[in-house]
Amino acid sequence: MRLNNKVILITGAATGLSDEIQGIGGAAAWKCAEEGAKTIIGDISDDMGEETAQQINQMGGYARYIHLDVTNEDNWVSAYKSIESVEGKLDVLVNNAGTGIPNYDSSVTDARSPEEALMVEYTTVEGLESQLKVHAQGVLLGMKHAIPLLRKQKGGSVINVSSIHGIVGTHTVTSYQAAKGAVRQLTKAAAVQYSPENIRVNSIHPGFTKTPLTTELFTNPELHSDRTSQIPLGRFAESEEIAMGIVFLASDESSYITGSELVIDGGVIAQ
Ligand SMILES: NC(=O)c1ccc[n+]([C@@H]2O[C@H](COP(=O)([O-])OP(=O)(O)OC[C@H]3O[C@@H](n4cnc5c(N)ncnc54)[C@H](O)[C@@H]3O)[C@@H](O)[C@H]2O)c1
Numbered sequence: 001m002r003l004n005n006k007v008i009l010i011t012g013a014a015t016g017l018s019d020e021i022q023g024i025g026g027a028a029a030w031k032c033a034e035e036g037a038k039t040i041i042g043d044i045s046d047d048m049g050e051e052t053a054q055q056i057n058q059m060g061g062y063a064r065y066i067h068l069d070v071t072n073e074d075n076w077v078s079a080y081k082s083i084e085s086v087e088g089k090l091d092v093l094v095n096n097a098g099t100g101i102p103n104y105d106s107s108v109t110d111a112r113s114p115e116e117a118l119m120v121e122y123t124t125v126e127g128l129e130s131q132l133k134v135h136a137q138g139v140l141l142g143m144k145h146a147i148p149l150l151r152k153q154k155g156g157s158v159i160n161v162s163s164i165h166g167i168v169g170t171h172t173v174t175s176y177q178a179a180k181g182a183v184r185q186l187t188k189a190a191a192v193q194y195s196p197e198n199i200r201v202n203s204i205h206p207g208f209t210k211t212p213l214t215t216e217l218f219t220n221p222e223l224h225s226d227r228t229s230q231i232p233l234g235r236f237a238e239s240e241e242i243a244m245g246i247v248f249l250a251s252d253e254s255s256y257i258t259g260s261e262l263v264i265d266g267g268v269i270a271q
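Numbering of the sequence shown is given in my numbering, commencing with residue 1 and proceeding in unit increments.
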């Protein structure tokens, strides 16, 4: 019970159905509940979020679903009000919600391939804004309104899910890289600003992970073999393997870690 009595809000955790491929947030919701936390799932996918919470409760854990669009400041304020009134406190915030890149539309670009369409010269302002909105604005708002609650507890942990592409460059997904880089640096700003109050803030940088978001990458044989060839451990991560990093940073085992980057990528960026 590494997280006994802790109240943890995880965004983007609706993809946690037990009989399907789970997202990172969904897997983290299960792991946190198994370690004794009261786990709050915040997402925009209401049916799936409710069902994931129900399944965790049926297995003897504690989970509750809240509708939370991370781009919407009012939603954050209501979510924290609800947590204060039902669970009574907040100990950990996991900013995990994220989106993919819009599909390749050959009618609006002269790029020769979906990957080329996501390079700098084809990146649109709308594409950049939509990535920054979910990843950077979402993370900022989540932290901004969590701080007063964590302060009341005389400390806490914030975990922001970035990506290896928030650290190193890649040939494509330009706006995603910009947004994940922003998550990494927002983490460091908050870590420095709130460490005097014992509020720890760290980022996690997953590599290629099997989740609903990356279905195409591991079901399309060509894409799968291209990505796998970049991974020293020779396989994609399971979402639980990223979730265990979240459990560690949420727990008191990581009490001296703040402002750091936990890379969980099978060795990709060690090369
Ligand atoms: N899967 C990977 O290979 C990988 C690699 C690096 C980083 N990541 C990051 O991990 C995080 C989780 O991704 P995943 O792969 O588990 O994907 P996923 O699709 O399984 O989960 C993402 C969740 O975020 C939710 N979401 C989207 N927009 C939202 C919003 N505005 N408000 C609230 N919830 C919203 C979705 O409904 C979904 O439940 C993302 O931030 C992603 O960028 C994933």
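Idealized CB from N, CA, C, for every residue including glycine. From a predicted model like this one, the values you see are computed outputs, not experimental measurements.
**Message:** Please tell me whether, using a cut-off of 6 Å, the distance from the CB of Ser157 to the nearest non-hydrogen atom of ligand 1 is below it.
**Reply:** Translated into positions along the sequence shown, residue 157 becomes position 157. Taking 6 Å as the cut-off, the C-beta of Ser157 does not count as close to any heavy atom of ligand 1.
**Member of Met1, Ile167, Ser254, Arg64 whose CA lies at the smallest distance from the CA of Gly42** = Translated into positions along the sequence shown, residue 42 becomes position 42. Out of Met1, Ile167, Ser254, Arg64, Arg64 has the C-alpha closest to the C-alpha of Gly42.
**Message:** Using a 10 Å radius around the Cβ and a threshold of 16 neighbouring Cβ atoms, would you call Asp91 buried or exposed?
**Reply:** Residue mapping note: residue 91 aligns to position 91 of the sequence shown, counting from 1. Using a 10 angstroms sphere on the CB of Asp91, the tally of other CB atoms reaches 16 or more, which defines it as buried.
**Request:** Could you give the DSSP three-state label for Lys154: helix, strand or coil?
**Result:** In the sequence shown, the residue the question calls residue 154 occupies position 154. Here Lys154 sits in coil by DSSP.
**C-beta atoms of Val161 and Ile204 nearer than 7 Å** = By one-based count along the sequence shown, residue 161 stands at place 161. By one-based count along the sequence shown, residue 204 stands at place 204. Contact: yes.
**Request:** Spell out the partners DSSP gives Pro206 in its beta bridges.
**Result:** Within the sequence shown, residue 206 is the residue found at index 206, counting from 1. Ile264, per the DSSP bridge assignment.
**Asked** Buried or exposed: which applies to His171, given that a residue is buried once 16 or more other Cβ atoms fall within 10 Å of its Cβ?
**Response** Here residue 171 is taken as the residue at index 171 of the sequence shown, counted from 1. The residue in question, His171, is exposed, as its Cβ has fewer than 16 Cβ neighbours within 10 Å.
**Request:** State the Cα-Cα distance for the pair Arg235 and Gly166, rounded to the nearest angstrom.
**Result:** The residue given as residue 235 occupies position 235 in the sequence shown. The residue given as residue 166 occupies position 166 in the sequence shown. The C-alpha of Gly166 is placed about 21 Å away from the C-alpha of Arg235.
**Asked** With a Cβ-Cβ cutoff of 7 Å, do Ala179 and Gln131 count as a contact?
**Response** The residue labelled residue 179 in the question sits at position 179 within the sequence shown. The residue labelled residue 131 in the question sits at position 131 within the sequence shown. Result yes, Cβ atoms of Ala179 and Gln131 sit closer than 7 Å.
**Asked** Per DSSP, Gly42 forms a beta bridge with which residues?
**Response** As a first step, residue 42 must be located in the sequence shown, where it is residue number 42. BP columns for Gly42 point to Thr11, Ile66.
**Asked** Quick one: Cα of Met59 to Cα of Trp30, how far?
**Response** The count along the sequence shown starts at 1 and reaches residue 59 at position 59. The count along the sequence shown starts at 1 and reaches residue 30 at position 30. Cα to Cα, the separation comes out at about 10 Å.
**Request:** Please work out which residues of its chain come closer than 6 Å, Cβ to Cβ, to Ala37, disregarding the five sequence neighbours upstream and downstream, and give them in chain order.
**Result:** Start at 1 with the first residue of the sequence shown, and residue 37 comes out as number 37. Residues Leu3, Lys6, Ile8 of the same chain have their beta carbon placed closer than 6 Å to that of Ala37, with the five preceding and five following residues left out of the count.
**Prompt:** Between the segment 17 to 33 and the segment 93 to 101, do three or more beta carbon pairs fall short of 8 Å?
**Reply:** Under the 8 Å Cβ criterion, the segment 17 to 33 counts as touching the segment 93 to 101, having at least three qualifying pairs.
**Request:** Could you tell me which residues DSSP pairs with Val94 in its beta bridges?
**Result:** Looking up residue 94 in the sequence shown gives position 94. Bridge partners of Val94 according to DSSP: Ile10, Ile159.
**Asked** Along the chain, which unbroken stretches of the alpha helix (DSSP H) at least 4 residues long are found entirely within the segment 194 to 255?
**Response** As far as the segment 194 to 255 is concerned, its whole alpha helix (DSSP H) runs of at least 4 residues are 215 to 219, 221 to 228, 239 to 250.
**Request:** Could you work out which residue in Leu213, Ser239, Phe208, Glu51 is closest to Ser229 when comparing CA atoms only?
**Result:** Translated into the one-based positions of the sequence shown, residue 229 becomes position 229. Among Leu213, Ser239, Phe208, Glu51, the Cα nearest to that of Ser229 is on Phe208.
**Item:** Residues of its chain near Glu50, where Cβ-Cβ distance is below 8 Å and the 5 sequence neighbours each way are ignored
**Value:** Counting from one through the sequence shown, the residue named residue 50 turns up at place 50. If we look at Glu50 and ignore the five residues flanking it on each side, its Cβ neighbours are Tyr65.
**Prompt:** Do you know how far the Cα of Glu87 is from the Cα of Thr71?
**Reply:** Counting from 1 along the sequence shown, the entry for residue 71 is found at position 71. Counting from 1 along the sequence shown, the entry for residue 87 is found at position 87. Taking the straight line joining both Cα atoms gives about 23 Å.
**Item:** Beta carbon of Gly156 nearer than 7 Å to that of Leu150
**Value:** Taking the first residue of the sequence shown as position 1, residue 156 is located at position 156. Taking the first residue of the sequence shown as position 1, residue 150 is located at position 150. Gly156 is a Cβ neighbour of Leu150, given a cutoff of 7 Å.
**Asked** What do you reckon, is the C-beta of Ser45 under 6 Å from a heavy atom of ligand 1?
**Response** Numbered from its first residue, the sequence shown carries residue 45 at position 45. Distances between the C-beta of Ser45 and the heavy atoms of ligand 1 include at least one below 6 Å.
**Message:** Using a Cβ distance threshold of 8 Å, determine whether the segment 172 to 192 contacts the segment 120 to 134, with at least three qualifying pairs required.
**Reply:** Three or more beta-carbon pairs separated by less than 8 Å link the segment 172 to 192 to the segment 120 to 134, which places the two stretches in contact.
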